[in-house]
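Enquirer: First residue of the sequence shown: 2, per our numbering; consecutive thereafter.
Heads up, the beta-carbon is just placed ideally off N, CA and C, and yes, glycines get one too.
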Amino acid sequence: MSPVLAGVLQLLALTAALALAHVPLGNYLARVYSSPKHLRIEKWIYKGIGADPDTEMRWPAYLRGVLAFSLAGVLFLYLLQRLQGVLPGSLGFASIDPDQAFNTAASFVANTNWQSYYGEQAMGHVVQTAGLAVQNFVSAAVGIAVAVALVRGFARSRTGELGNFWADLVRGVVRVLVPIAVVGAVILVACGVIQNFSGIHEVGQFMGGTQEWNGGAVASQEVIKELGTNGGGYFNANSAHPFENPTPFTNLFEIFLILLIPVALTRTFGVMTGSVRQGYAILGTMAAIWVGFVALMMWTEFAHHGPALRAAGGAMEGKELRFGIGGSSLFAVTTTLTSTGAVDSFHSSYTGLGGGITMLGMMLGEIAPGGVGSGLYGMLVMAVVAVFVAGLMVGRTPEYLGKKIGIREIKFAACYILITPALVLVFTAAATALPTPGDSMTNSGAHGFSEILYAYTSASNNNGSAFAGLNADTQWFNSTLGLAMLLGRFVPMVFVLALAGSLARQQPVPATAGTLRTEKPLFSGLLVGAVLITTGLTYFPALALGPLAEGLA
2 MSPVLAGVLQ LLALTAALAL AHVPLGNYLA RVYSSPKHLR IEKWIYKGIG
52 ADPDTEMRWP AYLRGVLAFS LAGVLFLYLL QRLQGVLPGS LGFASIDPDQ
102 AFNTAASFVA NTNWQSYYGE QAMGHVVQTA GLAVQNFVSA AVGIAVAVAL
152 VRGFARSRTG ELGNFWADLV RGVVRVLVPI AVVGAVILVA CGVIQNFSGI
202 HEVGQFMGGT QEWNGGAVAS QEVIKELGTN GGGYFNANSA HPFENPTPFT
252 NLFEIFLILL IPVALTRTFG VMTGSVRQGY AILGTMAAIW VGFVALMMWT
302 EFAHHGPALR AAGGAMEGKE LRFGIGGSSL FAVTTTLTST GAVDSFHSSY
352 TGLGGGITML GMMLGEIAPG GVGSGLYGML VMAVVAVFVA GLMVGRTPEY
402 LGKKIGIREI KFAACYILIT PALVLVFTAA ATALPTPGDS MTNSGAHGFS
452 EILYAYTSAS NNNGSAFAGL NADTQWFNST LGLAMLLGRF VPMVFVLALA
502 GSLARQQPVP ATAGTLRTEK PLFSGLLVGA VLITTGLTYF PALALGPLAE
552 GLA
C-alpha cells in the first residue's frame, strides 16, 4: 500500500468514527448540562466545596467562579512542584525552580500544557498524577462549562442567568470526562501503553553510557491529555514516545480522542438551542477547515523535492516510521487546530510550508473543531462577526438564532478576537528585539524567527505544542509564556461570558423573509471566509517573515 493511500484511508476511518459518535455523544452532553437532577457523588462534592448547584448565576458571578477556581489551581500546582523534593514518590527529583513552576502551573491550569522541562527527568509520580493529571480533567471541564454558558445565552431569553458554574464543572468531570477516560485508558493499556508506578530502571548501554527509563501512570494521563485537548506528555517525546503511543492504531485512536468532544459539542449546541441544523452548520464550517488543512499538510509533506526526500518517500525527517507521513500530518493538523498541543512528530522538521500550516492552525483561534469548549465558543464568536458583516452588506440589523447583534455584542466579539493576536505579536516582537531571548534560538534567519513566533502563538492560543529547537527553559520565556497562557485563556473568557449574558437578556425576534438563514451552506461559506480573512489580515506579515520566507526560499 502506498503511503499516500494509507494516509487517505486513515482520514476516512477517522471521519467515519467521529460520524458514528457525533449524535449519541452530542445528545448525551445536552442532557448532562440540562438535567435538573444531581448524582449522589455530585452532591457530596457540592457539600464538600460549599456550593449550591441550584443557584443560577449571572455572567459576573459565573466568571468569578471560573477565575477563583483557576487561581486556586495555579497556587496548588505551583506549591506542589516547589515541594516535590520532600514529597513521597518524587523518584529522587528535586523541587522545581520558581520560574519553571509558575510556567507549568499556568500552563496546565490554562489547558495549554506547554512544557519547558523533560517530563521523565523532572516530575515524580505525585506531581504527575495529583497535580498535572488532575488539571487535565478540571481545566477541560472549565472550557466546556464556559461554552455551555454561551449556548445558554443563545437559548434563553429575558434573563441574565447562565446556569451554575460549579454544577457545570462537576458534571463535566463526573459524567463526561472520567467515564470516557476510563474506557480509553483500558484500550490504551491493551494496546501497549504502560500504566504503573515503577521507579527508574537502567535498560542498557547507549553511546558509552547507561540509558534509563522511569515508569508511570501513563495510559491514564495519556487518555485525558488527548480527550481534554490538553497535550502535556508524560515523557519529553510526548506522543512520539512508544510508551505513550506505541502503534499506528493508538496514534489514530488518540487523534479520535482529541476530536471527539469538540465535534460532539456542535450537536449539543444544536439540541440546546432547539435547532439541530444550526449545529450542523457550525460542524460543516469546522470540518471544511480541518479537511482543507489536512489535505494541504499531506501535500506539502509528501511532495518530493530533491533526491533525499524522493528516496524517503516524502519529508520523513522528524517523523516516526511507525506512523509515516500520513499519520503524522493528520496528528499535526489535528493537534494545532485544537488546543491540544500533543505531538507525534517534530514540527520544526516539517517543510517550511508544513510548519507554517501548524502555526496557521493555531492562529485561526483553534476553532476547527478547537479545544473542548473553547473551540465551540470561539467559532460562535466568529459566527456573530460573520452575521454582523452580512447585516452590513444587506443593510439589515444582524440577527443570529433570533438574537440581535448590536453594538454591545459586536464589541465583546471584537475584544475576544483581538486579545490573542495582541499577545502573540507583542511578545514575539519583544523577544526578537531584546538581546537575551534571541540566545535561546537554535536556528537563525526565518526558521529561528519561526521558533519564537510558534512559541508565543502556542502559548497565547492555549495550544502547548512546541516548534522545538527553542530553549524555553529560561527566566524570560518561562515568565512571559506563562503570562501569555493565563491572559490568552482567561481574558477571552471574560468577553465570552459577557456576550452570553447580553444575549440571554434579549427577547428573541421572529424570523422574517429578510432574515439571514444561518443554517444554510451559504452562511457556512461566509463563516469560513470571515475566519480566514480575519486571521490572514492579522498574521500575514509575521508569517511572511517566518514560514513563508522559509518555504518559498
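When the Cα atoms are used, what is the spatial distance from Gly-86 to Leu-500?
Expert: Straight-line Cα distance between these residues: approximately 45 Å.
Enquirer: Taking only the alpha-carbon atoms, compute the straight-line gap between Trp-115 and Leu-482 and give it to the nearest angstrom.
Expert: C-alpha separation (whole angstroms): 9 Å.
Enquirer: Under 7 Å Cβ to Cβ from Gly-552, same chain only, skipping five residues before and after it: list those, please.
Expert: Cβ within range, chain order: Thr-352, Gly-353, Leu-354, Gly-357.
Enquirer: Please list the segments of the alpha helix (DSSP H) lying wholly inside the region 124-174, counting only runs of 4 or more residues, in order along the chain.
Expert: If we require 4 residues or more, the alpha helix (DSSP H) runs fully inside the region 124-174 come out as 135-156, 166-172.
Enquirer: Express the C-alpha separation of Ile-411 and Pro-438 in angstroms, rounding to a whole number.
Expert: If you take the alpha carbons of Pro-438 and Ile-411, they lie about 37 Å apart.
Enquirer: Considering Cα atoms alone, identify which of Val-388, Leu-393, Leu-258 is closest to Tyr-401.
Expert: Nearest C-alpha to Tyr-401: Val-388.
Enquirer: Using the Cα positions of Arg-176 and Leu-72, report the straight-line distance between them to the nearest angstrom.
Expert: Cα to Cα, Arg-176 sits roughly 24 Å from Leu-72.
Enquirer: Helix, strand or coil for Trp-115 per DSSP?
Expert: If DSSP states are grouped into helix, strand and coil, Trp-115 belongs with coil.
Enquirer: Could you have a look at His-202 and say whether DSSP puts it in helix, strand or coil?
Expert: Of the three classes helix, strand and coil, the one that applies to His-202 here is strand, per DSSP.
Enquirer: Do you know how far the Cα of Gly-125 is from the Cα of Ser-91?
Expert: Between Ser-91 and Gly-125, the C-alpha separation is close to 4 Å.
Enquirer: What is the rounded straight-line gap between the Cα of Ala-369 and the Cα of Leu-253?
Expert: Those two C-alpha atoms are separated by around 18 Å.
Enquirer: Compare the Cα-Cα distances from Pro-263 to each of Ala-460, Asp-98, Arg-409, Val-373 and report the closest residue.
Expert: Ranking the options by Cα distance to Pro-263, first place goes to Val-373.
Enquirer: Going by the CB atoms, is the gap between Thr-536 and Leu-419 shorter than 8 Å?
Expert: Going by C-beta atoms, Leu-419 is not nearer than 8 Å to Thr-536.
Enquirer: Could you tell me the distance, in whole angstroms, from the CA atom of Asp-474 to the CA atom of Leu-527?
Expert: If I take the Cα positions, the gap works out to 42 Å.
Enquirer: For the region 510-553, list the alpha helix (DSSP H) runs that are entirely contained and at least 4 residues long, ordered along the chain.
Expert: Correct list: 522-546, 548-553.
Enquirer: Count Cβ pairs between the region 152-159 and the region 239-247 that sit closer than 8 Å; are there 3 or more?
Expert: With a cut-off of 8 Å, the region 239-247 and the region 152-159 do not count as touching, because too few Cβ pairs lie within range.
Enquirer: Taking Cβ positions, are His-348 and Thr-335 nearer each other than 8 Å?
Expert: No, they are not a contact pair.
Enquirer: Residues in the same chain with beta-carbon distance under 7 Å from Gly-185, minus the five sequence neighbours each way, listed in chain order, please.
Expert: Answer for Gly-185: Val-224, Leu-228, Leu-258, listed in chain order.
Enquirer: Between the C-alpha atoms of Ala-432 and Val-425, what's the straight-line distance to the nearest angstrom?
Expert: Those two C-alpha atoms are separated by around 11 Å.
Enquirer: Hey, would you say Phe-450 sits closer than 8 Å to Gly-547, going by beta carbons?
Expert: Yes, the Cβ-Cβ distance between Phe-450 and Gly-547 is below 8 Å.
Enquirer: With DSSP run on the structure shown, which of helix, strand or coil describes Leu-381?
Expert: Leu-381 falls in the helix class under three-state DSSP.
Enquirer: What three-state label does DSSP hand Tyr-401 in the structure shown?
Expert: DSSP places Tyr-401 in strand when its eight states are reduced to three.
Enquirer: For Thr-337, which residues in the same chain have their Cβ closer than 7 Å to its Cβ, ignoring the five residues on either side in sequence?
Expert: So the qualifying residues of the chain are Thr-359, Gly-362, Met-363, Asn-464, Ser-466.
Enquirer: Is there contact between the region 477-493 and the region 126-134, where contact requires at least three CB pairs shorter than 8 Å?
Expert: Taking 8 Å as the limit for Cβ pairs, the verdict is that the region 126-134 does not touch the region 477-493.
Enquirer: Taking Gln-82 as the reference, which of Tyr-118, Pro-399, Ile-534 has the closest Cα?
Expert: It is Tyr-118.
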